[in-house]
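The structure appears right after this line, and notes come after that.
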Amino acid sequence: MAQDTTHPLLAETEPGLDRTGIRRLLAIMAALRDPQTGCPWDIEQDFASIAPYTIEEAHEVADAVARQAWDELPGELGDLLLQVVFHAQMADEAGMFDFADVVARISDKMIDRHPHIFGDESRDKSAAQQVRDWEAIKARERAAKAERGVLDGVALGLPALTRAIKLQNRAARVGFDWPGPAQVLDKIAEETRELVEARDSRDHAHLTEEFGDLMFVMANLARHLEIDPEEALRLANAKFTRRFRFIEAALAAQGRSPEDSDLAEMDALWDKAKLAERG
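In our numbering, the protein residues as written are 67 to 345.
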């Protein structure tokens, strides 16, 4: 249960403030960052040190959704919101912008990107047409920011597979794309051969490069097959976890652990796990 507090920065916003008010959260963040009375850890942070936590919290939101852990989702969304507030507080201290600017910017963007809702355009559009309109609006926004290149503005901090898809989609819009999955599969075979050659050369840097090329083409195949590669890999991770836990449980029933087993036995148990899932 939350403790009552008389911290002066909180007291300034306390009258009439309900427990869900955003002003309360902003005041808490300001108190944590106060140079004289704040938390030493929070005071030491900067944009670069906080950014990894922001990414982590976004993934934890996605994880709660994937597990349909609806009772956990408010807390995970709160953690993510705190990251926004943290960045805004640091920017405010530096005289760059504040939380109100963040809210204004996204509000203006949503209005500008939905002329069929907030403007005079017709709402009678297909989802595909709305996506095309959205991309056209984003292209105008990039041009206004002097982002002239086709690939400009694709965030470096995205997960690598997600960024690969975005880069490929951008290139595809100007005609730089394989005609279909068959040609991509041929390219995968080519990249696989090059990876084998790189392995045999024992040049680790070259091996890493060729492995990256193969993954990039695999992402391209996912795009052509209309598969989200991040989602596909998450499902594969979940399947591996389920099956390995089956192995652990089967060995534990014999009073043993994976360390007490060998690859042949665990592989046989893996096959049993596959059969159990199919059954």
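Ideal placement from N, C-alpha and C gives every residue a C-beta, glycine not left out.
A quick note: this is a predicted structure, and the numbers were derived from the prediction, not measured.
TODO: Could you check if A285 is buried or exposed, using at least 16 other CB atoms within 10 Å of its CB as the buried criterion?
DONE: A285 should be labelled buried.
Task: Rounded separation between T258 and D252 - CA only - done: So the two alpha carbons sit approximately 10 Å from each other.
Task: Beta-carbon gap between R311 and A132 smaller than 9 Å - done: Cβ atoms of R311 and A132: not closer than 9 Å.
Task: Cβ pair V216, R236 closer than 9 Å - done: Against a cut-off of 9 Å, the Cβ pair of R236 and V216 comes out as a contact.
TODO: Spell out a yes or no on whether the stretch 202-213 and the stretch 261-274 are touching, meaning 3 or more CB-CB pairs, one atom from each, closer than 8 Å.
DONE: Contact annotation: the stretch 202-213 does not touch the stretch 261-274, with fewer than three C-beta pairs closer than 8 Å.
Task: Separation of R229 from I254, as counted between CA atoms - done: Each residue's Cα considered, the two are about 19 Å apart.
Open item on the list: For a quick check, are the C-beta atoms of A304 and K338 less than 9 Å apart?
Closed with: Going by beta carbons, A304 and K338 fall outside the 9 Å limit.
Task: Own chain partners of L92 with C-beta closer than 7 Å, once the 5 adjacent residues on each side are dropped - done: So the qualifying residues of the chain are V151, F165.
TODO: May I ask you to report which of helix, strand or coil DSSP gives I203?
DONE: In the structure shown, I203 sits in a helix (DSSP, three-state: H, G or I).
Task: Same chain only: Cβ atoms within 7 Å of A124, ignoring 5 sequence neighbours per side - done: Within the same chain, A124 has close Cβ partners L146.
Open item on the list: Using the Cβ count rule (16 or more neighbours within 10 Å means buried), how would you classify A288?
Closed with: Answer is buried; the Cβ neighbour count reaches 16.
Open item on the list: Which runs of the alpha helix (DSSP H) at least 4 residues long sit entirely within the stretch 124-159? Give them in chain order.
Closed with: As far as the stretch 124-159 is concerned, its whole alpha helix (DSSP H) runs of at least 4 residues are 139-159.
TODO: Could you tell me the distance, in whole angstroms, from the CA atom of G241 to the CA atom of G345?
DONE: C-alpha separation (whole angstroms): 46 Å.
- [ ] Rounded to whole angstroms, what's the CA-CA distance from P181 to A264? Just pull it up for me.
- [x] Each residue's alpha carbon lies about 52 Å from the other.
Open item on the list: Does E187 come out as helix, strand or coil in the three-state DSSP assignment?
Closed with: Looking at E187 - three-state DSSP - the assignment turns out to be coil, as it is neither helix nor strand.
TODO: Assign P106 to one of three DSSP states: helix, strand, or coil.
DONE: Of the three classes helix, strand and coil, the one that applies to P106 here is helix, per DSSP.
Task: Distance, A128 Cα to P247 Cα - done: So the alpha carbons of these two residues sit roughly 29 Å apart.
Open item on the list: Tell me the rounded alpha-carbon separation between E343 and A130.
Closed with: Rounded to whole angstroms, E343 to A130 spans 24 Å at the Cα level.
Task: Cα-Cα separation between A205 and L273, rounded to whole angstroms - done: In this model, A205 and L273 are separated by some 36 Å (Cα to Cα).
Open item on the list: Is the beta carbon of R99 closer than 9 Å to that of M176?
Closed with: For M176 and R99, no; Cβs fall outside 9 Å.
Task: Close Cβ partners of E126 (< 6 Å) along its chain, the five nearest in sequence each way excluded - done: These residues qualify, in order along the chain: E142.
Task: Three-state secondary structure assigned by DSSP to I313 - done: Of the three classes helix, strand and coil, the one that applies to I313 here is helix, per DSSP.
Open item on the list: Let me check understanding here. Comparing Cα to Cα, which of C105, L148, W200 lies closest to I88?
Closed with: Sorting C105, L148, W200 by C-alpha distance to the C-alpha of I88 places L148 at the top.
Task: Residues of its chain near S188, where Cβ-Cβ distance is below 7 Å and the 5 sequence neighbours each way are ignored - done: Result list for S188: H182, in chain order.
- [ ] Rounded to whole angstroms, what's the CA-CA distance from L280 to I231? Just pull it up for me.
- [x] One C-alpha to the other measures close to 14 Å.
Open item on the list: With a threshold of 8 Å on Cβ separation, who are the neighbours of H290 within its own chain once the five nearest residues in sequence on each side are excluded?
Closed with: Correct list, in chain order: W244, G246, P247, V250.
Open item on the list: Once DSSP output is grouped into helix, strand and coil, what is the label at D164?
Closed with: Coil at D164, not helix or strand.
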